[in-house]
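Take a look at the structure below.
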Amino acid sequence: MSGYQHHLNPEALNLTPEDAVEALIGAPHHHHHHHQAYESFRPQPFGGEELPPAAHHHPGHHHHHHHHLRLEDRFSDDQLVSMSVRELNRQLRGFSKEEVIRLKQKRRTLKNRGYAQSCRYKRVQQRHILENEKCQLQSQVEQLKQEVTRLAKERDLYKEKYEKLAGRGFPR
0 MSGYQHHLNP EALNLTPEDA VEALIGAPHH HHHHHQAYES FRPQPFGGEE
50 LPPAAHHHPG HHHHHHHHLR LEDRFSDDQL VSMSVRELNR QLRGFSKEEV
100 IRLKQKRRTL KNRGYAQSCR YKRVQQRHIL ENEKCQLQSQ VEQLKQEVTR
150 LAKERDLYKE KYEKLAGRGF PR
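Following numbering that gives the first Met the number 0, the numbering of the sequence shown begins with 0 at its first residue and continues without gaps.
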C-alpha cells in the first residue's frame, strides 16, 4: 500500500503544492519496489544453510538473537502490509511469542498508517471536488444576479411606459 505514493502526480490531480504535501504527510519514503515484495518471505539462511524447524526454538533462552536476522528485519514494510494473515502466521512459526506480537503490532501500525494516508488523499480529492462545485455555484449565482438586474431594469422601463401612457389620460 505504501508504494502508491511514488506514482502520484500533483499536476494530474490538479493539486496545489500544499494539498500534495497534506496528502503525503506521514507517508513513509520507501525506495524498494513491489516486484521485490515476495523475495524474502523465505527464512534467511543461517551460516549457509536454513535452520531446521526445531532449531527455531530453544527452551529457557531469550529468543531475540537466535536467528541470523531479527524477525522485524526479515520483512520489508511492503511485505508486511501486503502479506495475508495466513501467510504471515506461516512465516512466524517457531518464533517467540514476544517477537510475533511485536511484528504483528508493527504490521497493524503500518496498515493503519496506510489507511490514514489513503484517507488524507481522499479528503484532499473531495475538497477539490467541493471547491470546484463551489466555484461553479458562485458563477451560477453571479449569472442569476445579472439576470435579476436585467429583468428589474426591463420591469422599470415597462412601468415607466405605463405611467406615461396612464398620464396622457388613457382609460384605465
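Glycine included, C-beta positions come from ideal geometry on N, C-alpha and C.
Distance check between N111 and each of T148, A165, V80 places V80 closest, using alpha-carbon atoms only. For the pair N88 and E98, the Cα-to-Cα distance works out to about 12 Å. By the criterion of at least three beta-carbon pairs nearer than 8 Å, the region 100 to 114 is in contact with the region 70 to 77.
In the three-state reduction of the DSSP assignment, S75 falls in the coil class. Residue range 96 to 166 is occupied by the alpha helix (DSSP H) that includes R154.
For the pair L164 and R154, the Cα-to-Cα distance works out to about 15 Å.
Separation of M82 and C134 (C-alpha to C-alpha, rounded to the nearest whole angstrom) is 44 Å. Shortest Cα-Cα distance from Q90 to any of L70, T108, L109 involves L70.
In the three-state reduction of the DSSP assignment, S83 falls in the coil class, being assigned neither a helical nor a strand state. Linking G113 to R122 through their CA atoms gives a straight-line distance of about 14 Å.
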